[in-house]
Each structure stands twice: as structure tokens, then as C-alpha cells.
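A.B. asks: Under the numbering used here, the residue at position 58 of the sequence shown is numbered 61, and the numbers go up by one with no gaps.
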Amino acid sequence: MQVPAQFDYEVAASVEEAIELLRRHGPEARILAGGHSLIPMMKLRLAFPEVLIDIHELDGELRYVREDDGVLRVGALARHRDLLESPVVQGRYTLLADAEKFIADPLVRNMGTVGGSFAHADPSEDLPAAFVALGAEVVVRGPGGERTIAVEDLALGPFETALDPDEILTEARVPRAPQGSSYFKVERRAGDYASAALGVALWMSGDEIEDARVGMCGVGSTTLRAKEAEEVLKGQEPDEGLYKRAAEKAAQECDPPDDARGTPEYKRDLVRVLVVRAMEQAVGRARGAEDRTADGR
Numbered sequence: 004m005q006v007p008a009q010f011d012y013e014v015a016a017s018v019e020e021a022i023e024l025l026r027r028h029g030p031e032a033r034i035l036a037g038g039h040s041l042i043p044m045m046k047l048r049l050a051f052p053e054v055l056i057d058i059h060e061l062d063g064e065l066r067y068v069r070e071d072d073g074v075l076r077v078g079a080l081a082r083h084r085d086l087l088e089s090p091v092v093q094g095r096y097t098l099l100a101d102a103e104k105f106i107a108d109p110l111v112r113n114m115g116t117v118g119g120s121f122a123h124a125d126p127s128e129d130l131p132a133a134f135v136a137l138g139a140e141v142v143v144r145g146p147g148g149e150r151t152i153a154v155e156d157l158a159l160g161p162f163e164t165a166l167d168p169d170e171i172l173t174e175a176r177v178p179r180a181p182q183g184s185s186y187f188k189v190e191r192r193a194g195d196y197a198s199a200a201l202g203v204a205l206w207m208s209g210d211e212i213e214d215a216r217v218g219m220c221g222v223g224s225t226t227l228r229a230k231e232a233e234e235v236l237k238g239q240e241p242d243e244g245l246y247k248r249a250a251e252k253a254a255q256e257c258d259p260p261d262d263a264r265g266t267p268e269y270k271r272d273l274v275r276v277l278v279v280r281a282m283e284q285a286v287g288r289a290r291g292a293e294d295r296t297a298d299g300r
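#1: For Val313 and Tyr96, which I take to be in contact (beta-carbon distance under 8 Å), what is that distance rounded to the nearest angstrom?
#2: Taking Cβ positions only, does Val276 come closer than 9 Å to chain C?
#3: So, for Tyr12: in the same chain, excluding its five sequence neighbours on each side, which residues have a beta-carbon less than 8 Å away from its beta-carbon?
#4: Can you give the Cα-Cα distance for Ala81 and Val14, rounded to whole angstroms?
#5: How big is the Cα-Cα spacing for Gly38 and Val203?
#6: Here's the rule I'm using: 16 or more other beta-carbon atoms within 10 Å means buried, otherwise exposed. How should Gly138 be labelled?
#7: Suppose you measure from the CA of Phe187 to the CA of Ser40; what does that come to, to the nearest Å?
#8: So is Pro7 buried or exposed if we call it buried at 16+ other beta carbons inside 10 Å?
#9: So, for Pro161: in the same chain, excluding its five sequence neighbours on each side, which residues have a beta-carbon less than 6 Å away from its beta-carbon?
#10: How about Leu157 and Ala124: do their beta carbons lie closer than 9 Å?
#11: Check whether the Cβ atoms of Ala122 and Leu227 sit closer than 9 Å, and answer yes or no.
#12: Pull up the distance between the alpha-carbon of Ile152 and that of Val142, whole angstroms please.
#13: What is the rounded straight-line gap between the Cα of Arg300 and the Cα of Gly183?
#14: With the cut-off set at 9 Å, would you say Glu174 and Leu65 are in Cβ contact?
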């Protein structure tokens with residue numbers, strides 16, 4: 004592959020202009036948001052865009068974190084810091100705040116964007132796994148209009164998504180808040196990508212788990228959803244034995260790479276441990292929320 008000696012640079016003043024620029028320049032154009040994933044890949048000669056379309060001026064249109072009629076809506080240009088500091092996230096979507104604390108360092112959290120985390124499609128990225136656990140979808144817009152894609156279906160492989168070349172990701176939506184949730188990660192050093200990480204979201208009915216979702220990263224070629232582990236949890240009263248059975252299913256559902264962060268079996272063992280820990284914390288948070296509601300607090 005011939006590496007371009009230089010690239011063109013465009014600044015979009017609106018989402019519609021960004022879409023038109025993508026259409027005009029074709030598949031060799033790339034969107035530039037926070038730049039904390041794309042620019043390092045360009046420096047390492049792993050990405051070779053012929054045109055960069057800068058959307059930093061769209062903050063007024065695409066930077067927000069809010070809850071409307073029980074639906075959490077996060078604009079694509081919301082920074083990681085925005086999620087971490089959002090009162091509604093801290094109060095009702097705790098695993099997002101948990102996950103954000105693991106992401107890189109303050110510089111990346113101040114500048115890196117939520118939409119960039121999705122569009123980059125790194126299989127070790129924390130945020131997509133947390134959103135998978137919440138049953139989230141992303142909104143994308145192109146010349147043909149707007150459509151939604153479940154986060155679990157967005158990544159087709161490492162650094163490859165279901166977005167068309169002339170589409171732009173505009174928003175992430177979480178349809179309902181969990182009663183309890185948690186995110187755990189094992190990393191070699193602070194701010195590193197995951198050796199293994201996962202998020203759990205629970206909805207309770209009395210003493211039983213009515214619904215559960217588990218999202219995982221670092222243990223496959225894309226962000227994964229542990230559907231068999233979820234089925235083990237549904238309709239059951241939580242206890243350690245249940246957590247371990249779900250953990251075993253989750254370990255079987257992942258397909259970890261053999262790399263510098265560990266062997267596949269080591270990573271499966273991490274998943275077994277992390278499912279138990281995340282379930283313990285998520286159930287504890289769900290019960291604490293019920294206690295506060297009963298007390299009128």
C-alpha cells in the first residue's frame with residue numbers, strides 16, 4: 004500500500020456538511036473528532052486517510068449528556084469527562100462512570116469523544132462494552148437519512164464498523180436505566196487497554212433477576228455480549244453459585260487473542276473472576292437503590 008505523502012483537511016460547520024464532504028471525498032476520507040485514536044494510528048502508519056474532515060465545530064449540535072423520558076442520550080462529541088462528571092450518569096448509569104475511570108488519562112478523557120470510541124471499533128475499548136451491557140444503540144446519519152444500530156452489532160471486526168463510508172455517528176441511546184450495574188477491568192498498568200473487562204447491568208423483580216446484560220472487551224475480535232451468561236442469570240435469585248455458573252458461560256463465550264496481555268486461558272480466567280465481582284457489586288447497588296426508594300430517599 005502506498006502511503007500518501009500528505010492529506011487534505013476540511014472543517015464541517017454542520018452534520019449535513021460533514022455528510023456531504025464524506026460523500027464527495029469517498030471512502031478514503033475520515034472524520035476527525037477528538038483525534039486521540041486516529042492521529043496515533045496515522046503516526047504509526049496504520050491509517051492512511053486522504054482527507055480529514057474535522058467536526059470539532061459541531062459541539063453545539065453533538066455535545067450533550069441528558070435523559071429524556073427515561074432514555075439516556077449521549078451526543079457523539081460528548082467527551083469522556085462529560086460522561087464521568089454527569090450527575091445522571093453517576094446516579095442512574097453507574098457502570099458508565101465506572102468504565103470512564105479506567106479510560107487512559109485526564110488528557111484523553113478531556114478531549115476524546117464518545118462517538119470516537121464507537122467509530123474506532125478497537126476490540127479492547129471500554130466504553131462500547133459498557134454500552135452493550137446497557138442495551139444501547141447508536142444513531143447514524145447519511146445521505147439516505149437516519150438509522151439506528153445496536154452497539155453490539157456496530158463493530159464487524161477490529162477497527163471495522165457497520166457504518167457506510169458517507170455516514171456519521173451522531174448519538175448513543177440507552178433505552179432504560181438499570182437498577183444495578185457495575186464495570187470491572189484488569190489492565191497491566193493504569194490507563195492501558197484491557198487484558199479483560201466487562202460490564203453488567205441488572206433489572207430486578209423482587210428478589211429475582213428479571214433481566215441481565217453482560218458486555219465484554221479485550222477478549223475477542225470485537226466487543227462481545229455474553230448472551231448465554233445472561234440466560235443463566237434471568238429469573239434467578241442472586242447468590243455466589245449463580246454468579247459462578249454465569250461466569251463459566253461468559254468464559255466459554257469469549258475468544259481471547261494470545262498477545263502481550265496474556266494467553267487465552269488466562270483471559271478466560273479473568274472473565275470468570277470479573278463476572279463474579281461485577282455481579283456482587285451490581286446486585287448490591289440494586290438492593291441499595293430499592294432500600295433508598297423504600298425509605299423515600
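Every residue gets a Cβ at the ideal spot worked out from N, C-alpha and C, and that includes glycine.
C.D. replies: So, from the data block:
#1: This structure does not reach residue 313, given that the chain is present from 4 up to 300, and the question cannot be answered.
#2: The chain inventory of the structure shown lacks chain C, comprising one protein chain alone.
#3: Taken in chain order, the residues that qualify are Val54, Leu55 and Asp57.
#4: Near 18 Å, if we compare the C-alpha coordinates of Val14 and Ala81.
#5: Going from the Cα of Gly38 to the Cα of Val203 covers about 29 Å.
#6: Gly138 should be labelled buried.
#7: Computed Cα separation, rounded: 22 Å.
#8: Confidence at Pro7 is low in this model, with a pLDDT of 49, below 50, so its placement is unreliable and no value can be given for it.
#9: Within the same chain, and ignoring the five residues on either side of Pro161 in sequence, the residues whose Cβ sits closer than 6 Å to its Cβ are Pro126 and Ser224.
#10: In contact: Leu157 and Ala124 (Cβ atoms closer than 9 Å).
#11: Contact: no.
#12: Separation of Ile152 and Val142 (C-alpha to C-alpha, rounded to the nearest whole angstrom) is 7 Å.
#13: For Arg300, the predicted model reports a pLDDT of 47, less than 50, meaning its position is unreliable; a value from the coordinates is still stated below. Taking the Cα positions, Arg300 is about 17 Å away from Gly183.
#14: A contact, by the Cβ cut-off of 9 Å.
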